[in-house]
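Please read the structure below before turning to the comments.
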Ligand code: GLN
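In UniProt numbering, the protein residues as written are 101 to 547.
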């Protein structure tokens with residue numbers, strides 16, 4: 101069973117924060133009883149799934165890999181969990197992540213370091229590193245993660261699995277602990293594109309509990325698994341091929357797009373001129389929203405509280421300084437500064453304007469092409485500890501993924517080869533809003 105595999109491999113990978121074996125067995129027998137001898141048994145019934153510890157699971161501790169939520173047990177299920185349970189899917193545990201999804205290596209977890217199964221000395225990417233690693237290590241069949249600036253796509257690329265961020269609004273965020281609400285989106289990690297389409301079928305759809313979820317029809321995503329890219333136009337944005345991009349990764353991506361061309365797609369160079377501002381813009385908008393979202397962790401309502409404060413204000417201060425990690429504090433400070441009176445126009449409002457320009461670049465590009473192809477990450481998995489002292493270097497891990505996040509676009513990372521030292525490379529495919537089917541159709545080439 102999957103738990104036997106976990107017993108064998110998990111001590112090396114450390115992808116899970118919580119295992120829920122008893123609950124899983126109960127869910128499995130219920131799924132079994134509920135869907136017996138029916139032709140209507142859902143495709144996902146009985147399939148073991150791992151869930152990033154930022155998604156609320158009723159009765160199961162949800163920590164966001166933060167000390168401040170160490171004892172938080174949600175009294176309700178996120179909408180995605182309700183939808184998965186309705187399919188008879190079985191949750192086997194909660195996965196490690198960067199604290200509050202802030203990071204690109206999962207090293208910002210308050211609890212443990214997750215190791216990349218391809219090379220245990222390297223990071224699995226982040227912030228959904230646990231969710232990517234457990235699928236890669238076969239200690240889960242599939243998993244859910246969340247992507248704010250690349251946290252599904254980048255770890256999928258580094259761990260050699262498929263990871264997809266749906267269009268902003270496609271999946272309900274109800275029960276997803278908020279980091280940057282205008283960017284956050286839940287999505288699947290799987291071994292292949294078929295499973296990705298099946299999970300999307302299960303989790304997408306508008307929800308009255310999330311006002312930003314969009315009421316558009318949810319297609320059957322498996323209809324795009326047709327092995328035919330003839331006539332599709334693929335754009336390659338020249339701005340993504342900078343000197344900072346690992347040359348072996350560039351090579352693998354070019355080989356992948358050559359395959360698409362050989363199969364009848366048209367491949368053309370395009371320009372997304374504001375790409376270079378995506379990271380700077382992201383590191384104003386995401387921390388600004390985070391500083392507001394994280395105000396609720398005051399020691400009163402959730403989890404950790406300082407034991408012997410002098411007064412109420414002191415309790416807030418000590419609780420937050422003791423229980424938030426370094427990166428979370430850095431983001432709160434950046435965000436509070438960017439939103440403060442006198443600086444708001446110079447930073448936050450300016451960032452919002454640049455965000456619109458980045459989105460317009462994509463709008464113009466999708467007038468000409470169906471899907472955009474880029475590398476997912478500028479480098480393969482790096483060594484544990486290599487970037488922890490250099491936040492800026494860490495932030496640059498997301499240079500290829502943040503632009504699409506600003507524009508709310510659907511994006512997938514599919515494995516497309518290896519660099520010489522054997523680490524996997526991911527190809528990122530982006531589509532216009534709600535064009536997941538086209539993205540999956542192209543991605544299926546690499547199944
Ligand atoms: N690595 C980026 C950050 O640290 C993106 C994280 C994410 O998508 N959750 O904010």
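Think of the CB as a built atom: it goes at the ideal place given N, C-alpha and C, for glycine as much as any other residue.
Quick test of the definition: if touching needs 3 or more C-beta pairs under 8 Å, does the region 345-362 touch the region 384-402?
The answer is no - the region 384-402 does not touch the region 345-362, with fewer than three Cβ pairs under 8 Å.
Apart from the five residues just before and just after residue 436, which ones in its own chain have a Cβ nearer than 6 Å to its Cβ?
Here the question's residue 436 lines up with position 336 in the chain shown. Excluding sequence neighbours, residue 436 sits near 391.
In whole angstroms, what separates the C-alpha of residue 433 from that of residue 440?
By one-based count along the chain shown, residue 433 stands at place 333. By one-based count along the chain shown, residue 440 stands at place 340. Cα to Cα, the separation comes out at about 10 Å.
Three-state secondary structure (DSSP) at residue 424?
The sequence position of residue 424 within the chain shown is 324, counting from 1. Residue 424: coil per DSSP, three-state reduction.
For residue 242, write down the residues that DSSP places opposite it in a beta bridge.
Your numbering for residue 242 matches position 142 in the chain shown. Bridge partners of residue 242: 149.
Pick out whichever of 257, 263, 234, 297 has its Cα sitting closest to the Cα of residue 478.
Translated into positions along the chain shown, residue 478 becomes position 378. Of 257, 263, 234, 297, the residue nearest in Cα terms is 257.
Could you check whether residue 271 and residue 285 sit closer than 8 Å to each other, using their CB atoms as the reference points?
Taking the chain shown and counting its residues from 1, one reaches residue 285 at position 185. Taking the chain shown and counting its residues from 1, one reaches residue 271 at position 171. Result yes, Cβ atoms of residue 285 and residue 271 sit closer than 8 Å.
For a quick check, are the C-beta atoms of residue 321 and residue 547 less than 8 Å apart?
Locating residue 321 in the chain shown gives position 221, where the first residue counts as 1. Locating residue 547 in the chain shown gives position 447, where the first residue counts as 1. Against a cut-off of 8 Å, the Cβ pair of residue 547 and residue 321 comes out as no contact.
Okay, do the region 438-453 and the region 486-502 touch, 3+ Cβ pairs below 8 Å being the bar?
Short answer: they don't touch.
Could you name the residues of the same chain whose beta carbon sits closer than 7 Å to that of residue 265, not counting the 5 residues immediately before and after it, in chain order?
Locating residue 265 in the chain shown gives position 165, where the first residue counts as 1. Same-chain partners within the cutoff: 247, 252, 253, 285, 287, 510, 511.
Out of 366, 376, 533, 355, point me to the one whose CA is closest to residue 342's CA.
In the chain shown, residue 342 corresponds to position 242, counting from 1. Residue 342 has its Cα closest to that of 376, out of 366, 376, 533, 355.
Return the residue from the list 135, 507, 517 that minimises the CA-CA distance to residue 66.
In the structure displayed, the chain extends from 101 to 547; residue 66 sits before or after that span and is not available.
Note the first and the last residue of the continuous alpha helix (DSSP H) segment covering residue 527.
Sequence index remark: in the chain shown, residue 527 carries index 427 (1-based). Residue 527 -> not in any alpha helix (DSSP H); beta strand (DSSP E) instead, spanning 524-531.
Along the chain, where does the beta strand (DSSP E) that runs through residue 388 open and close?
For this step, residue 388 is matched to residue 288 along the chain shown. No beta strand (DSSP E) holds residue 388; the alpha helix (DSSP H) holding it covers 378-393.
Going by beta-carbon coordinates alone, are residue 502 and residue 335 separated by less than 8 Å?
In the chain shown, the residue the question calls residue 502 occupies position 402. In the chain shown, the residue the question calls residue 335 occupies position 235. No. Outside cutoff.
Among 214, 314, 296, which has the Cα closest to the Cα of residue 513?
Locating residue 513 in the chain shown gives position 413, counting from the first residue. When only C-alpha atoms are compared, the closest one is 296.
Quick check: the Cα distance between residue 267 and residue 332, rounded to an integer number of angstroms?
Taking the chain shown and counting its residues from 1, one reaches residue 267 at position 167. Taking the chain shown and counting its residues from 1, one reaches residue 332 at position 232. The straight-line gap from Cα to Cα measures roughly 20 Å.
Nearest by alpha-carbon distance to residue 456: which of 413, 528, 381, 422 is it?
Position 356 of the chain shown, counting from 1, holds the residue named residue 456. Selected option, being the one with the closest Cα: 381.
From the DSSP output, which residues share a beta bridge with residue 483?
Residue mapping note: residue 483 aligns to position 383 of the chain shown, counting from 1. 222.
With distances taken between CB atoms, is the gap from residue 128 to residue 195 smaller than 8 Å?
Indexing the chain shown from 1 puts residue 128 at position 28. Indexing the chain shown from 1 puts residue 195 at position 95. No, Cβ-Cβ distance for residue 128 and residue 195 is not below 8 Å.
Name the one or two DSSP bridge partners that residue 115 has.
The residue you call residue 115 lines up with position 15 of the chain shown. Residue 115 is not bridged to any residue.
Counting pairs of beta carbons, one from the region 202-220 and one from the region 348-355, are three or more of them closer than 8 Å?
Contact fails: fewer than three Cβ-Cβ distances are below 8 Å.
Considering residue 400, what are the terminal residues of the alpha helix (DSSP H) in which it resides?
By one-based count along the chain shown, residue 400 stands at place 300. Per DSSP, residue 400 belongs to no alpha helix (DSSP H) and is neither H nor E.
Checking 8 Å against the spacing of the C-beta atoms, do residue 465 and residue 527 come in under that value?
Locating residue 465 in the chain shown gives position 365, where the first residue counts as 1. Locating residue 527 in the chain shown gives position 427, where the first residue counts as 1. No, they are not a contact pair.
Comparing C-alpha positions only, which one of 101, 107, 111, 538 sits nearest to residue 325?
Residue 325 sits at position 225 when you count from the first residue of the chain shown. Among 101, 107, 111, 538, the Cα nearest to that of residue 325 is on 538.
Taking residue 473 as part of the beta strand (DSSP E), name the residues at either end of that continuous run.
For the purposes of this step, residue 473 is taken as the residue at position 373 of the chain shown. Run containing residue 473: 471-475, per the beta strand (DSSP E) assignment.
Select from 168, 224, 388, 318 the residue whose C-alpha is nearest the C-alpha of residue 404.
Your numbering for residue 404 matches position 304 in the chain shown. Checking every option, the nearest Cα to that of residue 404 belongs to 168.
Taking Cβ positions, are residue 241 and residue 148 nearer each other than 8 Å?
As a working note, residue 241 is residue 141 in the chain shown. As a working note, residue 148 is residue 48 in the chain shown. Cβ distance < 8 Å, so residue 241 and residue 148 count as in contact.
How far does the beta strand (DSSP E) with residue 370 in it extend, from its first residue to its last?
Taking the first residue of the chain shown as 1, we reach residue 370 at position 270. Looking at the DSSP string, the run of the beta strand (DSSP E) that includes residue 370 is 366-370.
For the candidate residues 309, 394, 445, 338, whose alpha-carbon lies nearest to that of residue 371?
Within the chain shown, the letter at position 271 stands for residue 371. The option with the nearest alpha carbon to residue 371 is 338.
Taking all protein chains shown into account, do 16 or more other C-beta atoms lie within 10 angstroms of the C-beta of residue 412, making it buried, or fewer, making it exposed?
Taking the chain shown and counting its residues from 1, one reaches residue 412 at position 312. The residue in question, residue 412, is exposed, as its Cβ has fewer than 16 Cβ neighbours within 10 Å.
Let me know the secondary structure DSSP gives residue 304 once reduced to three states.
Position 204 of the chain shown holds residue 304. Reduced to three states, the DSSP call for residue 304 is strand.
Are residue 191 and residue 209 close, meaning C-beta to C-beta below 8 Å?
As a position in the chain shown, residue 191 is number 91, starting the count at 1. As a position in the chain shown, residue 209 is number 109, starting the count at 1. Their beta carbons are not under 8 Å apart, which means residue 191 does not touch residue 209 by this criterion.
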